[in-house]
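Here the structure comes first, spelled out in structure tokens, and everything after it is commentary.
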Amino acid sequence: MIQRHQRIVFWCLIACILGMGALLAWERHRGRERIEALAADQAPLDSPTAMAETVTLELANDSDGTISPASRQIALPEEANARARALIDHLIAEYALPGSPHALPPGSAVAEVFLLPLPLVGYTTDSTAKVTKDGGFLPTAPVASNDPDPLQPKQPGGELAVIDLHSTFVNQHPSGVEVESLTLRSILGTLHANLPQIEQVRFLVDGQARETLAGHADLLRTYPAVNTTSGGNSENVGQSN
Amino acid sequence: MTGMGRAQTAPPRTAASQQDAVPSRPALQSSLPIPAPITINRKLIVLDPAHGGVDSGSQISDTTVEKDVTLALAYRLRSLLTARGFTVVMTRDADVPSEPDAAGTALTLDDRAGMANHAHAAACLVLHATGSGTGVHLYRSELEASSGVPTVVPWLTAQAAWIPQSQSLEKQVAMAFSRSGISLVTSNASVRPIDSLTCPALVVELAPSGDDADSINNTDYQQRVALAIAGAMLFWQDEVRPPARLSASIGATAGRSTQSDTTGAQP
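Sequence order for the protein chains is A and B. Going by the numbering used here, the first residue of the first sequence is number 1, and it counts up by one from there. Going by the numbering used here, the first residue of the second sequence is number 1001, and it counts up by one from there.
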């Protein structure tokens, strides 16, 4: 004969087991949703529709401080901005692999890449012009003549790439002169190797200017996009803003 | 950026910087103004132990932060350099870098560069530390070398005129590390405030001696690194030459050394 209090304990235990099972299923469902959201965020805006192509990634090595080229087969989007972003995301994904010689945190590094034609000029509305009859916008005029030292292209069609990094990536980046410099040189070299129209690069973090990557490498200056492989034709430009 | 647009035009203000400085020659009567020579104190070294105060720098291990390692290395270097007859100016000799005439006011990176520039030192060494890699990492500015010091020096590219001297200093220090058997990586980097320094300038980043990150605190290892640098400075004091100062009227025709520039380069 099972006593009454034992029956109560038994049914309480059954209720707890069922409750925990439901909680577990709910948490698992939430986890799957989080992963799907993260995966959706990492996808380039212009999903690749072309066949895989050979690209050159300039890979860093912390042990000897070198950058060396490596070929990869990657499907990239056609649009140049999305292409630059996808290249950098693939590069950072290489560093997130186990055993990487330049270990970086996994996850999406780049929020957006903006390509701007050089020389970098601003535009202002022409205040002397009359408003169009249909109420349209005022015509604009370049204001390059007001800037004594605008960024100039070296070749016709040269572009400035503004790379907007995620703060989650920057905040987790290892700190040190070498490791930070290698990350920047790796990005610059990869862009130069695959998108030669990019001549200069600036960095933002969550849309804002930031002094350093992780306490050392300067993020306020404009970097030249050049061959950064060790022993390569590295070109130094002292352009700071 | 706090220092944007500032020009390093002020005269030296520290007493030590006046030692061994080459006196300016009297102005010659000429239609072209002869710029004053750039003075260098061959017996003065500036050490900048990076970070300090709330800025701890990188977390090298569970118990070690970068600001403590850079300060410890700077203390060792100061002792060794002083023993070799050098005067050493440190941008901080305690945890918090502070203005000497404004108690509690923390120094910015630009303040540190200003302090170094006023010293007119034979070498400016910015000390960093990291847990990644091994040995010592040696960097100079990424700026492109200019042909001389312009009349008005842009703050953000002040190092450009000193790049050839920084390259020579890098070679001298690299040879010293090679003789000491310390593994070395040399490269260029854009690390503030090195681009604003008007002296032969290097970033010296100390990494662990082996796989264990805490080996960076090994006193024998730090002493070997400091000895190599101090030895290199002994050779460097005879080699350092100030860059030519560009005449205002000559402007960008640069590259020319005036007679007074040459005089300024003599010890």
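All C-beta atoms in this analysis are idealised placements derived from N, C-alpha and C, irrespective of residue type, glycine included.
**OP:** Using a Cβ cut-off of 9 Å (strictly closer), state whether Ala223(A) contacts chain B.
**Re:** The residue given as residue 223(A) occupies position 223 in the first sequence. For the sequence presented, residue 223(A) should be read as Tyr rather than Ala. It does: the Cβ of Tyr223(A) has a partner Cβ on chain B nearer than 9 Å.
**OP:** Return the residue from the list His29(A), Arg4(A), Ala60(A) and Leu165(A) that minimises the CA-CA distance to Thr212(A).
**Re:** In the first sequence, residue 212(A) corresponds to position 212, counting from 1. Cα-wise, what sits closest to Thr212(A) is Leu165(A).
Original post:
Should Glu159(A) and Pro106(A) be called a contact, given that it needs their Cβ atoms to be closer than 9 Å?
Top reply: Residue mapping note: residue 159(A) aligns to position 159 of the first sequence, counting from 1. Residue mapping note: residue 106(A) aligns to position 106 of the first sequence, counting from 1. Their beta carbons are not under 9 Å apart, which means Glu159(A) does not touch Pro106(A) by this criterion.
Original post:
Are the C-beta atoms of Pro1023(B) and some chain A residue less than 9 Å apart?
Top reply: For the purposes of this step, residue 1023(B) is identified with residue 23 of the second sequence, where counting begins at 1. Unreliable placement is indicated for Pro1023(B), whose pLDDT of 41 sits below 50; no coordinate value is reported for it.
Subject >> Cα-Cα separation, Glu1066(B) to Tyr1075(B) >> reply: Sequence index remark: in the second sequence, residue 1066(B) carries index 66 (1-based). Sequence index remark: in the second sequence, residue 1075(B) carries index 75 (1-based). Spanning the two alpha carbons is a distance of roughly 14 Å.
Subject >> Neighbour flag for Glu94(A) against chain B, beta carbons, 9 Å >> reply: As a position in the first sequence, residue 94(A) is number 94, starting the count at 1. It does not: the Cβ of Glu94(A) has no partner Cβ on chain B nearer than 9 Å.
**OP:** Pick out the complete beta strand (DSSP E) segments inside the region 1167 to 1222 of chain B, 3 residues or longer, and give them in chain order.
**Re:** 1184 to 1189 and 1201 to 1206
Original post:
Nearest chain A C-beta to Glu1170(B) closer than 9 Å, yes or no?
Top reply: For the purposes of this step, residue 1170(B) is taken as residue 170 along the second sequence, with counting starting at 1. False, the Cβ-Cβ gap to chain A never drops below 9 Å.
**OP:** Could you tell me whether the Cβ of Asp1055(B) comes closer than 9 Å to any Cβ of chain E?
**Re:** Looking at the structure shown, chain E is missing, and the protein chains on hand are A and B.
Subject >> Beta-carbon proximity list for Ala1189(B), same chain, < 7 Å, skipping 5 on both sides >> reply: Here the question's residue 1189(B) lines up with position 189 in the second sequence. If we look at Ala1189(B) and ignore the five residues flanking it on each side, its Cβ neighbours are Tyr1139, Glu1142 and Val1203.
**OP:** Put Pro101(A) into one of helix, strand or coil per three-state DSSP.
**Re:** As a position in the first sequence, residue 101(A) is number 101, starting the count at 1. DSSP places Pro101(A) in coil when its eight states are reduced to three.
Original post:
For chain B, is any of its Cβ atoms less than 9 Å away from the one on His216(A)?
Top reply: Here residue 216(A) refers to the residue found at position 216 when the first sequence is read from its first residue. With 9 Å as the cut-off, His216(A) counts as an interface residue toward chain B.
**OP:** Assign Ile67(A) to buried or exposed, taking buried as 16 or more other Cβ atoms, counted over all protein chains shown, within 10 Å of its Cβ.
**Re:** Counting from one through the first sequence, the residue named residue 67(A) turns up at place 67. Buried is the call here.
**OP:** Return yes when at least one heavy atom of the ligand ZN lies under 8 Å from the C-beta of Ala1160(B), else no.
**Re:** Annotation note on the ligand ZN: not contained in the displayed structure, which lists no ligands.
Original post:
How should Leu87(A) be labelled, buried or exposed, when 16 other C-beta atoms within 10 angstroms of its C-beta is the threshold for buried?
Top reply: Here residue 87(A) is taken as the residue at index 87 of the first sequence, counted from 1. Counting Cβ neighbours within 10 Å, Leu87(A) comes out buried, since at least 16 surround it.
Original post:
Any idea what DSSP makes of Arg1245(B), helix, strand or coil?
Top reply: Mapped onto the second sequence, residue 1245(B) falls at position 245. Residue state, collapsed to three classes: strand.
**OP:** Return the chain-ordered list of same chain residues with a C-beta closer than 7 Å to the C-beta of Val1088(B), the five sequence neighbours on each side being excluded.
**Re:** The residue given as residue 1088(B) occupies position 88 in the second sequence. So the list reads Ile1045, Leu1047, Arg1078, Leu1081 and Thr1082, once near-sequence residues are dropped.
Subject >> alpha helix (DSSP H) segment containing Ala1072(B), residue limits >> reply: Indexing the second sequence from 1 puts residue 1072(B) at position 72. Per DSSP, Ala1072(B) belongs to the alpha helix (DSSP H) from Glu1066 to Ala1083.
**OP:** Please name the residue, chosen from Phe203(A), Val179(A), Ser181(A) and Leu182(A), that lies closest to Ser167(A) on a Cα-to-Cα basis.
**Re:** Taking the first residue of the first sequence as 1, we reach residue 167(A) at position 167. Comparing Cα-Cα distances from Ser167(A) to each of Phe203(A), Val179(A), Ser181(A) and Leu182(A), the minimum goes to Phe203(A).
Original post:
Cβ of Glu178(A) less than 9 Å from any chain B Cβ?
Top reply: Residue 178(A) sits at position 178 when you count from the first residue of the first sequence. Interface residue, yes.
Original post:
When the Cα atoms are used, what is the spatial distance from Ser63(A) to Ile1194(B)?
Top reply: Indexing the first sequence from 1 puts residue 63(A) at position 63. Indexing the second sequence from 1 puts residue 1194(B) at position 194. Whole-angstrom Cα-Cα distance: 24 Å.
Subject >> chain A contact residues for Val1153(B), given Cβ-Cβ distances below 8 Å >> reply: Indexing the second sequence from 1 puts residue 1153(B) at position 153. Neighbours of Val1153(B) on chain A: none; closest Cβ ~12 Å, over 8 Å.
Subject >> Helix, strand or coil at Ser314(A) [DSSP, three-state] >> reply: In this structure chain A extends from 1 to 241, so residue 314(A) is not present and cannot be described.
Original post:
What are the boundary residues of the alpha helix (DSSP H) that Glu94(A) is part of?
Top reply: Locating residue 94(A) in the first sequence gives position 94, where the first residue counts as 1. Taken as a continuous stretch (DSSP letters only), the alpha helix (DSSP H) holding Glu94(A) covers Ala80 to Tyr95.
**OP:** Identify, in the order they occur along the chain, each residue of the same chain with its Cβ nearer than 6 Å to the Cβ of Leu57(A), setting aside the five sequence neighbours on each side.
**Re:** The residue given as residue 57(A) occupies position 57 in the first sequence. Within the same chain, Leu57(A) has close Cβ partners Ala70, Arg72, Leu91 and Thr190.
Subject >> C-alpha distance - Ala1123(B) paired with Cys1199(B), whole-angstrom precision >> reply: Numbered from 1 along the second sequence, position 123 holds the residue referred to as residue 1123(B). Numbered from 1 along the second sequence, position 199 holds the residue referred to as residue 1199(B). Rounded to whole angstroms, Ala1123(B) to Cys1199(B) spans 6 Å at the Cα level.
Subject >> Rounded straight-line distance, which links the Cα of Gly1057(B) to that of Glu53(A) >> reply: The residue given as residue 53(A) occupies position 53 in the first sequence. The residue given as residue 1057(B) occupies position 57 in the second sequence. Roughly 41 Å between the two C-alpha positions.
**OP:** Report the rounded CA-to-CA distance for Ser186(A) versus Ser175(A), giving the unit in angstroms.
**Re:** As a working mapping, residue 186(A) is identified with position 186 in the first sequence. As a working mapping, residue 175(A) is identified with position 175 in the first sequence. If you take the alpha carbons of Ser186(A) and Ser175(A), they lie about 16 Å apart.
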